[in-house]
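Asks:
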Amino acid sequence: MVFLAGKARATLDVTQALTQVQLELPSRPESPALVRAALAGIAEQLEFDPQLLDDLKTAVSEACNNVVVHAYRDEPGSLDVAVAIDVDAIEVMVRDRGSGFGRVTTSEDRIGVGLPIINALADRVEFVSTCGTGTQVRMEFIGRGVAKPPPDPGLELESAAEHRVPVAGDVVVTVTSVRLLGSLLGRLARAVASTVRFSLDRFSDLYLVADAINAYARAAAASARMAFAIRAQDKRLELTAGPFQAGSGALLLPDAASGRPASPLALLADELAVERAGAVEMLRVVVADRSRGPAPEPV
């Protein structure tokens, strides 16, 4: 089943868009807030107009809420969000792998849930649903003054395939620009930490952790395409990111022979490991909270 709304225009070719961000999350009630945090991180780096950011947050939240409430029957499934940004357009795709339209009753008709809001804010909307295989909602925002971000200096996106290393966690994010890594990682890590009882002091440390990983990525990324994952337990976050250039991780660790001190990231983390993955390296950072201080307000 396909439903179109808005202006007639060819859909933006996501594979050719200059900047791409992909998020993989579970379809839980807190996931739309994580997606909004990611959109805010993208907008911060690419200097979106505030009205554009508000429209994106509202329309995408409606689509994500639709997945959380209607896509799966018995237990949470996957919620995938892809953002493609080009010089004059932004496309956001929200996808689930649930029942599709074919298994909902008239009173639960998913195509009507949030559609007036999404259609009012986006310039083009497309719903594609197949019974038993899920639904895609594509929203396009056209001519909003989106600036074309410069490529990462010295990094080639075309070489990303040979460096692509799978990461796993509760939240998985892939970006095609290193400059987006720190902003997205910081916002999402703090959003997740607010749901697993981090104290205010340790919550604040996540700003410094994200900044340190971002600085390391700008100096040692092996490709313009990078990924990170966040795995959460009670008062504990595990962050995995990469790929990084082979041998660069040694600079993060203390070395008694040369007198090199521990890096700021090593001092902030409860665990820090550099793991070889073929020709590149992956970074694993654990931040835990053993205090009994007050927790921050949930996102």
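Going letter by letter, the sequence shown gives residues 45 to 343 in my numbering. The beta-carbon is built from N, C-alpha and C at its ideal position, and this holds for glycine as well. All values derive from a computational prediction rather than experimental measurement.
What are the boundary residues of the beta strand (DSSP E) that includes R168?
Replies: Boundaries of the beta strand (DSSP E) harbouring R168: 168-174, taken from the DSSP string.
Asks: Who are I129's beta bridge partners in DSSP?
Replies: T63, I134
Asks: Can we count E68 as close to the ligand FMN, meaning its CB is less than 7 Å from some heavy atom?
Replies: In terms of ligand content, the structure shown is empty, and the ligand FMN therefore cannot be addressed.
Asks: Less than 8 Å between the CB atoms is what I'm expecting for A254 and A271, so what's the real figure, rounded?
Replies: Rounded, the Cβ-Cβ distance is 15 Å, inconsistent with contact.
Asks: Within 10 angstroms of its Cβ, does T177 collect 16 or more other Cβ (buried), or is it exposed?
Replies: exposed
Asks: Can you tell which of G322, A133, R141 has its C-alpha closest to the C-alpha of R117?
Replies: R141
Asks: In this structure, does DSSP put L322 in helix, strand or coil?
Replies: The sequence as given places Gly at residue 322; Leu does not occur at that position. Here G322 sits in coil by DSSP.
Asks: With 16 other CB atoms within 10 Å as the buried threshold, where does C175 fall?
Replies: Per the 10 Å Cβ criterion, exposed.
Asks: Compute the Euclidean distance between the alpha carbons of S71 and R139, then round it to the nearest angstrom.
Replies: 10 Å
Asks: Which whole runs of the alpha helix (DSSP H) in the stretch 213-275 are 4 residues long or more, in chain order?
Replies: 225-237, 244-264
Asks: Nearest to A256 by alpha carbon, out of A87, L311, G303, S221?
Replies: L311
Asks: Where does R320 land, buried or exposed, given buried means 16+ other C-beta within 10 angstroms?
Replies: It is exposed - the Cβ of R320 has fewer than 16 other Cβ atoms within 10 Å.
Asks: For Q180, which beta-bridge partners are listed by DSSP?
Replies: R139, V172
Asks: For D278, I'd like the list of residues in its chain whose CB is within less than 7 Å of its CB, leaving aside the five on either flank, ordered along the chain.
Replies: V240, R241
Asks: Under 8 Å, do V324 and A290 count as touching if we go by C-beta distance?
Replies: yes
Asks: Taking S137 as the reference, give the member of P298, E170, D130 with the closest Cα.
Replies: Inspection of the sequence shows that residue 137 is occupied by Met rather than by Ser. The shortest C-alpha separation from M137 is found at E170.
Asks: Name the two residues that bound the continuous alpha helix (DSSP H) containing P160.
Replies: 159-165
Asks: Of all the options A276, L295, G293, which has the alpha carbon lying nearest to the alpha carbon of V331?
Replies: A276
Asks: To the nearest angstrom, how far is the alpha carbon of L100 from that of E282?
Replies: 29 Å
Asks: Have a look at R182 and L250 and give me their C-alpha separation to the nearest angstrom.
Replies: 33 Å
Asks: Assuming E68 and V216 make a contact with CB atoms under 8 Å, what is their CB distance in whole Å?
Replies: 4 Å
Asks: Which residues in the same chain have their Cβ closer than 6 Å to the Cβ of A107, if we skip the five residues on either side of it in sequence?
Replies: V138, V181
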